[in-house]
Structure formats: structure tokens, C-alpha cells
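Asker:
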Amino acid sequence: MTKTDPVIRTIMAPIPGRWLLLPNNVVTEVLGYQSLVQYEHGPAWLMGEMEWNSWQVPVISFAELTNIARRDPASSSSRILVVKSLSEDVSLYYIGILINGLPKLNSLRESALEDCEKTLDSPVIFQEVKVGDKEAIIPDLKALAQTVSAAVYDH
């Protein structure tokens, strides 16, 4: 541990077969699963949209988008993780991501992240890592925002 290895506050959120690892400062809220307004067009991973704090927020299945797993029907343990999109597109400030339970707050050092063999080929994945015994995906939030925006607005 050195001074160049700062502590990073993160959220680890369960998705089928993996965990999502996100910086704490991009997660705005964790909501219980709710009914979504379906889009007329769009890929299967685009589940619909919800109203949240006066915003229309598209909700996705990250697992299905990246071909980790087919989307399971929402259950009583399903949640929606609302994240900042980091997009410069003013029509998409937030994205909802379906997760399979409650996320965990962690304080990690970069040195605690162990590279995994890359098994998934998706532009929305920045890196695959191990945190302890858990396999996690660090999403590329800008690429994710572009992908979601294209699915929602560019039919």
C-alpha cells in the first residue's frame, strides 16, 4: 500500500453470474423494482422506462446487453440501480440497471483489483476484475450511455 494507491469508494451490485463494480459517486439511488413503461421498439435488453425525480429513465438488463445471461423475470429481490450516465447527451442523464438484490458499499484500493481473463466482448465493458473471490465488471459508462441512447432515440 502506497500513497499512490488511494481508497476508492465503490458499489458492487449483483447481476446474473457476476457483479457490477461502479464508483460510488455515479450511483444516485437504489429502488425496489417497479412496473416500467415499455418502448415500442428496442432490443430485448432495453426493459422500458420509469419516472424518477421528474426524469424519464431508461432501464436496462446489463446481463442481457453483454450476453452474460438472459434476463430473468423481475422478482421480489430485484432492484433498479439508478446511475449517472456521464453522457454529454442532454436527453440521457440517468440509466436504470436491473440488479438481483442489494448492492454492497466497498472501500477498495486499486491494488485490490485483480485482472481477470477477459471473457466478454462488449464495448460497454471497461474491464473485468476480481475483488476477493467475486468476479466483477467495470462498465464503460460513456459507451453504455451511447448504446442506451441509440436504442432509445435512434430506433
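Under my numbering, think of the first position of the sequence shown as 2, with each following residue one higher.
For glycine and all other residues, C-beta sits at the position ideal for the given N, C-alpha and C.
Among Ser112, Trp56, Glu129 and Glu111, which residue has its Cα nearest to the Cα of Lys119?
Answerer: Measuring from the Cα of Lys119, the nearest candidate turns out to be Glu129.
Asker: Can you give the Cα-Cα distance for Val58 and Gly97, rounded to whole angstroms?
Answerer: 6 Å
Asker: In whole angstroms, what is the alpha-carbon distance linking Met2 and Val132?
Answerer: Low per-residue confidence applies at Met2: pLDDT is 49, beneath 50, and the placement is therefore not dependable, though the value from the model is reported in the following sentence. Straight-line Cα distance between these residues: approximately 16 Å.
Asker: Does Ala70 come out as helix, strand or coil in the three-state DSSP assignment?
Answerer: coil
Asker: Could you check whether the region 147-156 touches the region 97-106, counting it as contact only if at least three pairs of C-beta atoms, one from each stretch, sit closer than 8 Å?
Answerer: With the rule of 3 Cβ pairs closer than 8 Å, the region 147-156 does not count as touching the region 97-106.
Asker: Taking C-beta to C-beta, are Leu47 and Pro140 nearer than 8 Å?
Answerer: no
Asker: Give every residue of the same chain whose Cβ lies closer than 6 Å to the Cβ of Gly102, excluding the five residues on either side of it in the sequence, and list them in chain order.
Answerer: Closer than 6 Å at Cβ, skipping near neighbours: Pro15 and Ser78.
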